[in-house]
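First comes the structure, then the notes that go with it.
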Amino acid sequence: MDPAEQAKKAAACKAIDDNIKGDCTVGIGSGSTIVYAVEHLAKKVHKDSLTIPCVPTSIQAKQLIRQYKLLLSDLEETPKLDFVFDGADEVDSNLTLIKGGGGCLVQEKIVASCTNNLIILVDHRKDSVSLGTNWTKGIPIEVIPMAYLPIKNRLEAMGGTADLRMAKSKAGPVVTDNGNFILDWKFSLDAQDVDWNMVDRKITCFPGVVDTGLFVKMASKVYYGLADGTVELRNRKEC
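For the sequence shown, our numbering assigns the number 4 to the initial residue and increments by one for each residue that follows.
This is the structure we're talking about:
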C-alpha cells in the first residue's frame, strides 16, 4: 500500500478504536480517508453486535454505509450525534479546517454542527501552520447558480481570485448534491494574521452564498497519520 494510504488508514483505525466503545450515533463524512474509517467501523459493529445509526454527509458516504451493511439514518431520525468522523483538505495549527475539495461542504458542515465531537482524520500532508500553505486550490464556497458572478466579484474585492469549479467528466461547472455551484477562492490574505471566523461570517452574509468550506472552532480532535506509520492526536485548545 502507498505510504500516504497507509497513513490515512492508520489515522482512521485509531480514531475508531479510541472513540467507539459501545452503542452510539455517528456522522459519516466524505473523502478517501473515510473509506478506511467506515470499513473499520463496520468490523467493530459486526464483531461486537453494536447498534450505531450512521448519518451520511454525501451520496458517497451513503453508499459506503450501505456497502458495509451499517445502519443508515438521517438527521430527522438522528438529529443529535455522539461523533462525526470526517476528513479535511487542510488543518492549521488552531485546528481550523478547509473542507469541500470533494464538493460536499454544506452537508458536512450541517452534520458537523450536530455533534460536540467532530473528529478529523487526515494524513500528515494536510498539516499546515496556516491555511493555504499545503492546500493551494482555495477555499470552496457553495453558491446559488444565479449568484455566482456577483459573489465571485465580492470575493475578489476581498483579495485574490475566485474561480468557478469546472467539471472534468462533463461540459460545464461542477454541480453539488444540492444543485449548486462551487467557487474556489484563492485568497491573498496573510493567513497567520487572519480571523477566519470573521472571514467566514462575512462571506456567508453575501446573498446567494450557501456556506463556505471554512470550519472554524468545530473540530474537537484531529488524528494525523504520519509517514512512519504512527498516529498523532491533537485536541482543540479551549479558549
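Even for Gly, the Cβ is constructed at its ideal location relative to N, Cα and C.
Three-way DSSP call (helix, strand, coil) for residue i in this model
i	result
S61	coil
E111	helix
T233	coil
E145	strand
E79	coil
N238	strand
D187	strand
D26	coil
V94	strand
L245	Past the edges of the chain, shown from 4 to 242, lies residue 245, and the structure says nothing about it.
I55	coil
P176	strand
D20	helix
Start and end residues, beta strand (DSSP E) containing residue i
i	result
S223	A222 to G228
L167	T164 to L167
K31	Here residue 31 turns out to be Ile, not Lys, going by the sequence shown. Taken as a continuous stretch (DSSP letters only), the beta strand (DSSP E) holding I31 covers V29 to I31.
V41	Run containing V41: none in the beta strand (DSSP E); it sits in the alpha helix (DSSP H), S35 to D51.
T207	No beta strand (DSSP E) holds T207; the alpha helix (DSSP H) holding it covers W199 to T207.
L124	L121 to D126
D89	F86 to D89
V213	V212 to T215
Residue i: CB within 7 Å of a non-hydrogen atom of the ligand COA
i	result
T28	This structure simply doesn't include the ligand COA, nor any ligand for that matter.
Cβ separation of residue i and residue j, assumed to be a contact under 8 Å, to the nearest whole Å
i	j	result
C16	H49	The pair is not a contact, with the Cβ atoms about 15 Å apart (cut-off 8 Å).
I144	L186	5 Å
V41	L75	Contact doesn't hold; Cβ gap of about 12 Å is too wide.
T28	D85	5 Å
T179	E111	Actually they are not in contact, since the Cβ atoms of T179 and E111 sit about 11 Å apart, beyond 8 Å.
Element boundaries [alpha helix (DSSP H), containing residue i]
i	result
I154	Y151 to M161
For this session: Determine contact between the segment 148–165 and the segment 100–120, defined as no fewer than three beta-carbon pairs at a distance below 8 Å.
Result: These segments do not touch.
For this session: Would you check if there are 3 or more beta carbon pairs closer than 8 Å linking the segment 156–164 to the segment 88–100?
Result: When C-beta atoms of the segment 156–164 are compared with those of the segment 88–100, fewer than three pairs fall below 8 Å, so the two segments do not count as touching.
Exercise. Is there contact here, the segment 164–179 with the segment 221–231, by at least three beta-carbon pairs under 8 Å?
Worked result: The segment 164–179 is not in contact with the segment 221–231.
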